[in-house]
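J.: Just so we're on the same page, our numbering is the position in the sequence shown counted from 1, plus 1461.
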Amino acid sequence: LAQFGADYSTESRLAWVGEKDTPDRAAIVRRYRDLFTTSQVESAKAFYESATEEMKERARRVYFALLSMNIAEQTVEMDDRLDAKLLKAKVEIDGEKLPYYQAVSETMHEPDFERRESLFTAAEKVIADTNSLRREMLARELKVISDWGYSNFVDLVATEKLMDYKAFRSSINQLAEAITPIYIDAMGKWVSEALGREFPGIHRVHASYLRGVPKFNQYFPSERLASVADKSFAALGLRLADYPNIHLDLEDRPKKNPRAVCFTTKVPDEIHLIIKPTDTQQDYDAFFHEAGHALHFGLTDRALPLEFKEFSTSHALTEVYSYTTASIVGQPGWLEKYLEISPDKALEISRATTLVDLMMLMRYVGKLNYELDFFESPLDDKRNRALYADTLTRCSGFTYDGESYLDDMDGGLYVADYLRAWITQAMMEEYLTQEFGAAWYENKKTGQFLRELFAQGVAIENEDISRKLGYKQWDVGPLIRRYKKLIQE
Ligand SMILES: [Zn+2]
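What follows is the structure in structure tokens.
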């Protein structure tokens, strides 16, 4: 099982970084298919159901790991085809042909407002061409899920991730209600100043452009990223170069997927941190984010059983760590010390970082509401296109059309895992500030505190951290306090 995971991860990674044109994950699944045949999954289920208290949690994780592979096997060939299609796709703009991922990446730093929209529209044609394949995959997946006796997709994920999505959604919507006025006000000022337009009402592509906070890019040179990160993690006692099991890939290749990622090929022995530099502040955010994952899995205790190293209940735990390390780049004191930025400018950048964080959060609020509604009637395309455009536009304030209604989903309701991490990381930041001071990001005690958490691998879950820090699960107070600072000036 561990070897299957490693081979699968390597194949995915090679395609991701642009070193392989066509991923052949299907061949790997075929090679290991004896592991997750229907009868194997049934035995794992029976074992789990009759397991002793001591073995129950491990047996539960093995069952769900096998079940998800059994389900994935049905669509892996189509998944390979989809990836190959995107890697080969060209986007045509002004008589020029760009690889799809390069075009997506260019929307982030195209300074011209209109050309940004044209680039997006051209790139979106590639997505439109993949929708029928995506729908075919979805229909196949839903059929297998129902054959396994789950009433619908959300029911399966809720059981697997031990989540009450209805209760969670209500916490998130309470949060949204509290912060929407702050968001509209602060975004309105920013959009008017940065783009000379009114907010809400501009196209969604401008959000990815703003996310790179273009006017600050000069303060975040790509060529200094590696050395600044090295110094900063060394200050925490978590220097990446000290861990030969953590491999960094910061190279730029045209076919490399622009989305930063961490591949956990074998925990803790082989971890890959991958980003594609874009020469924007986002490179720093992406690197520090993925470094949190890399350190979490790279510092996991090797003696733990496989289930507690590799089969997490959800991703909401590891995202708390990555959000915590990513938040370092937004600390005014850190900006002054590690990038030699003046105190006034550092405050301005820090405030902008908080606003970008809020902008992303509001998009995720939209995604959560959309995905939960989507799965009430997942194959009704007309309904779902409209639902996607309406929900995302309403929550984010940027204008979405329906074309990405199948593409803009991470699977397994990952969106909720991210939101759980958002909530718990805000608690973590309050806690670290209180315990280790405003400069917690360079305090060895913070490093030690995190190291002890990392060692536990994925044996614990996001909400265990909330409780450890002294908060109730899904307490949105710390997040509201963070964003309120945006209007206290
Ligand atoms: Zn992450």
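A virtual CB, placed ideally from N, CA and C, is assigned to each residue, including glycine.
Does the Cβ of residue 1631 have 16 or more other Cβ atoms within 10 Å, making it buried, or fewer, making it exposed?
T.: That one is exposed.
J.: Helix, strand or coil for residue 1502 per DSSP?
T.: Three-state result, residue 1502: helix.
J.: So does residue 1612 have its beta carbon nearer than 6 Å to some heavy atom of ligand 3?
T.: Within the structure as shown, ligand 3 is missing, the only ligands being ligand 1.
J.: Name, in chain order, the residues that DSSP records as bridge partners for residue 1724.
T.: Note: residue 1724 sits in a beta bridge opposite 1733.
J.: Residues around ligand 1, please: the ones whose beta-carbon is closer than 6 Å to some heavy atom of it, in chain order.
T.: Spelled out in chain order, the answer is 1750, 1754, 1780 and 1783.
J.: Thinking C-alpha only, which one of 1571, 1646, 1775 and 1550 is nearest residue 1922?
T.: That would be 1775, whose Cα lies nearest to the Cα of residue 1922.
J.: Just verifying my parser: in three-state terms, what is the DSSP assignment at residue 1559?
T.: Strand.
J.: How long is the line joining the alpha carbons of residue 1737 and residue 1470, rounded to whole angstroms?
T.: Using only the alpha carbons, I get a separation of about 18 Å.
J.: Can you find the residues in the same chain that come closer than 8 Å, C-beta to C-beta, to residue 1610, ignoring five residues on each side of it along the sequence?
T.: Excluding positions up to five away in sequence, the list is empty.
J.: Have a look at 1538, 1478 and 1773 and flag the residue whose alpha-carbon is nearest the alpha-carbon of residue 1873.
T.: Of 1538, 1478 and 1773, the residue nearest in Cα terms is 1773.
J.: Are there three or more Cβ pairs, one per stretch, closer than 8 Å when the region 1922 to 1935 is compared with the region 1879 to 1897?
T.: Enough Cβ pairs lie closer than 8 Å, so yes.
J.: Going along the chain, which residues of its own chain have a beta-carbon closer than 7 Å to the beta-carbon of residue 1605, five neighbours each way excluded?
T.: Excluding residues within five positions, the ones whose Cβ falls inside 7 Å are 1532 and 1535.
J.: Nearest CA to the CA of residue 1683: which residue from 1711, 1730 and 1725?
T.: Comparing Cα-Cα distances from residue 1683 to each of 1711, 1730 and 1725, the minimum goes to 1711.
J.: Considering only residues of the same chain and omitting the five flanking positions on each side of residue 1577, which have a CB-CB separation below 7 Å?
T.: Within the same chain, residue 1577 has close Cβ partners 1568, 1571, 1666, 1667 and 1670.
J.: Do the region 1622 to 1630 and the region 1809 to 1824 make contact, defined as three or more Cβ pairs closer than 8 Å?
T.: Cβ pair count under 8 Å is below three, so no.
J.: Candidates 1842, 1789, 1834 and 1673: which alpha carbon is nearest residue 1904's?
T.: Closest option to residue 1904, Cα to Cα, is 1789.
J.: Going by the DSSP bridge assignment, what does residue 1757 pair with across the sheet?
T.: DSSP lists no partner for residue 1757.
J.: Taking the straight line between their C-alpha atoms, what separation do you get for residue 1579 and residue 1589?
T.: Straight-line Cα distance between these residues: approximately 15 Å.
J.: With DSSP run on the structure shown, which of helix, strand or coil describes residue 1553?
T.: Note: residue 1553 maps to strand in three-state DSSP.
J.: Per DSSP, residue 1708 forms a beta bridge with which residues?
T.: Looking at the DSSP assignment, residue 1708 forms a beta bridge with 1733.
J.: Is the CB-CB distance between residue 1664 and residue 1860 below 7 Å?
T.: Cβ distance < 7 Å, so residue 1664 and residue 1860 count as in contact.
J.: Could you tell me whether the Cβ atoms of residue 1877 and residue 1863 are closer together than 7 Å?
T.: No.
J.: For residue 1742 versus residue 1902, is the C-beta distance shorter than 7 Å?
T.: For residue 1742 and residue 1902, no; Cβs fall outside 7 Å.
J.: If distances are taken between C-alpha atoms only, which option among 1564, 1598 and 1599 comes closest to residue 1582?
T.: Checking every option, the nearest Cα to that of residue 1582 belongs to 1564.
J.: Measuring only the C-alpha atoms, how far is residue 1896 from residue 1932?
T.: Whole-angstrom Cα-Cα distance: 15 Å.
J.: Contact check, residue 1484 vs residue 1573 under 8 Å by CB: the rounded distance?
T.: No, residue 1484 and residue 1573 are not in contact; Cβ-Cβ is about 34 Å, not under 8 Å.
J.: Taking the alpha-carbon positions, what's the residue 1513 to residue 1757 distance?
T.: Going from the Cα of residue 1513 to the Cα of residue 1757 covers about 29 Å.
J.: Determine the extent of the alpha helix (DSSP H) in which residue 1648 is found, giving its start and end residues.
T.: Note, residue 1648: alpha helix (DSSP H), 1626 to 1656.
J.: Go ahead and label residue 1717 buried or exposed: buried means 16 or more other beta carbons lie within 10 angstroms of its beta carbon, across all protein chains shown.
T.: Answer is buried; the Cβ neighbour count reaches 16.
J.: At the level of alpha carbons, what is the spacing between residue 1524 and residue 1509?
T.: So the alpha carbons of these two residues sit roughly 7 Å apart.
J.: Touching or not, the region 1553 to 1564 and the region 1491 to 1500, by the rule of three or more beta carbon pairs under 8 Å?
T.: No, the region 1553 to 1564 does not touch the region 1491 to 1500.
J.: Tell me, please, whether the region 1691 to 1711 touches the region 1723 to 1739 by the rule of three or more beta-carbon pairs shorter than 8 Å.
T.: Cβ pair count under 8 Å is three or more, so yes.
J.: For residue 1744, does the count of other Cβ atoms within 10 angstroms reach 16, so buried, or fall short, so exposed?
T.: So residue 1744 ends up on the buried side.
J.: Can you check whether the CB of residue 1779 is closer than 7 Å to the CB of residue 1770?
T.: No, Cβ-Cβ distance for residue 1770 and residue 1779 is not below 7 Å.
J.: Taking only the alpha-carbon atoms, compute the straight-line gap between residue 1782 and residue 1696 and give it to the nearest angstrom.
T.: Answer to the nearest angstrom: the Cα atoms are 17 Å apart.
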